[in-house]
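Numbering (my numbering), first residue to last: 129 to 286.
We put the CB at the ideal spot given by N, CA and C, even for glycine.
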C-alpha cells in the first residue's frame, strides 16, 4: 500500500530476520519479498545502517513487525542489531519512528517497554489489538492495516 502512495522504501532486516526461517516462511523468502516490494536490496548490517541518519536517507522509519526484543532494545537505547542501529541513526535527525508491535508477552514482561516507547519523543505506535485473548492472554499485535495511516499521521499528513 505504501508503494501505491509513491513511498520510497528501504528494507532493513535484523540479523535474525535475515537468517532464521520461521513458520511464516524462510528467511530468504522474506528477504526476497521485501526487496521485490521495495525495488532495492535490503540493509543487512550495522555498518550499512549507520549512515541512514547522517545522510538523511529517510523521512520516517517504520519497524514492522516490531518484536518485544527490538522494542526493549529501543526503549533502553541498546544498539546491537541492524534494526536498532537504523532507528538510532534515523533519530539523530529527530524524525518519526513508527512501531508495529507484535508480541505474545505485551501484557506481561514487555508492557513496561511498550509504555516507555509510547512516552518517548518521535515514536508512534500502530494501534494494537488482542489477537487471541483465550489462548494467548498476554499477546498484543499491531493492526497492520493501520500502518500506512499511522505513518501519514506521524508525518503530519493526515
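Name, in chain order, the residues that DSSP records as bridge partners for residue i.
| i | result |
| --- | --- |
| residue 269 | 230, 257 |
| residue 140 | 171 |
| residue 150 | 153 |
Any beta carbon of chain D sitting closer than 9 Å to that of residue i?
| i | result |
| --- | --- |
| residue 216 | Reference to chain D is not applicable here, since this structure consists of a single protein chain. |
When burial is assigned at 16 or more other CB atoms within 10 Å of the CB, is residue i buried or exposed?
| i | result |
| --- | --- |
| residue 210 | buried |
| residue 139 | buried |
| residue 246 | exposed |
| residue 279 | buried |
Distance check for residue j and residue i, CA to CA, integer angstroms please.
| i | j | result |
| --- | --- | --- |
| residue 282 | residue 150 | 31 Å |
| residue 260 | residue 236 | 15 Å |
| residue 160 | residue 262 | 35 Å |
| residue 177 | residue 265 | 35 Å |
| residue 137 | residue 166 | 5 Å |
Quick check on this structure: which residue in the options has the alpha carbon closest to the alpha carbon of residue i?
| i | options | result |
| --- | --- | --- |
| residue 200 | 229, 284, 189, 186 | 229 |
| residue 269 | 159, 277, 262, 258 | 258 |
| residue 203 | 168, 171, 225 | 225 |
| residue 255 | 132, 131, 249, 271 | 271 |
| residue 221 | 131, 189, 233, 167 | 189 |
| residue 125 | 267, 135, 275, 227 | Any answer about residue 125 is impossible in this case: the structure gives the chain only from 129 up to 286. |
| residue 273 | 253, 285, 284, 267 | 253 |
| residue 163 | 153, 152, 141, 148 | 141 |
Cβ pair count under 8 Å reaching 3, the segment 211-220 against the segment 176-187: yes
Segment contact flag, the segment 195-202 with the segment 230-241, C-beta cutoff 8 Å, min 3 pairs: yes
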